[in-house]
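Numbering (the working numbering), first residue to last: 19 to 183.
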């Protein structure tokens with residue numbers, strides 16, 4: 019499994035759109051397929067937000083994450099944010115989600131950010147294992163989501179926890 023900028027693998031966009039329409043029909047199912055694909059095409063950047071990252075194996079996409087302006091459009095103060103986070107069901111429980119989150123942090127750090135935010139309703143363990151701080155629960159479109167914050171300073175502190183003096 020490898021991770022690349024979506025800009026380097028734009029042929030993955032139709033698969034990503036299919037996943038999102040099937041996974042979140044209450045949101046993406048109301049939109050045209052072309053509209054969902056266009057949303058991913060907006061992430062074909064490598065040096066400015068939004069930046070899409072795609073995990074792939076044997077040239078087939080298996081996951082995606084986007085570093086964008088904020089964790090959610092309704093929460094612009096939590097910037098930048100990781101979102102559009104999805105791993106195909108057939109590739110779950112293999113660490114791909116954790117690697118995508120780590121890659122997203124790497125891109126944010128390369129752009130000079132010392133903190134990143136994310137919201138999730140189902141992937142809490144991935145963020146918690148990576149040392150993200152739980153900022154609380156928010157209600158979004160009737161769904162409870164946990165808001166997380168990653169901080170560069172916390173990453174260094176977390177690495178020191180295993181030291182024995």
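C-beta: ideal position from N, C-alpha, C; glycine also.
Practice task
Tell me, please, whether the stretch 30–50 touches the stretch 85–94 by the rule of three or more beta-carbon pairs shorter than 8 Å.
Solution key: no
Exercise for the section: Look up residue 42 in the DSSP assignment and say whether it is helix, strand or coil. Expected result: coil
Exercise for the section: State the Cα-Cα distance for the pair residue 30 and residue 78, rounded to the nearest angstrom. Expected result: A straight line joining the alpha-carbon of residue 30 with that of residue 78 spans about 7 Å.
Problem - Extent of the continuous beta strand (DSSP E) run through residue 48 - result: Run containing residue 48: none; DSSP gives neither H nor E here.
Handout entry: Alpha-carbon spacing of residue 24 relative to residue 61, whole angstroms
Key = About 7 Å.
Handout entry: Inter-residue spacing [alpha-carbon to alpha-carbon] between residue 121 and residue 100
Key = 10 Å
Exercise for the section: In angstroms with no decimal places, state the Cα-to-Cα distance between residue 71 and residue 34. Expected result: 11 Å
Handout entry: Where residue 27 falls, given that 16 or more other Cβ within 10 Å makes a residue buried
Key = With 16 or more other Cβ atoms within 10 Å, it is buried.
Problem - Reference residue 127, options 170, 32, 158 and 58, closest by Cα - result: 170
Exercise for the section: Please work out which residues of its chain come closer than 8 Å, Cβ to Cβ, to residue 133, disregarding the five sequence neighbours upstream and downstream, and give them in chain order. Expected result: 167, 168, 169 and 170
Practice task
Report the three-state DSSP secondary structure of residue 53 (helix, strand or coil).
Solution key: helix
Exercise for the section: Please report how far the alpha carbon of residue 157 lies from the alpha carbon of residue 163, in whole angstroms. Expected result: 6 Å
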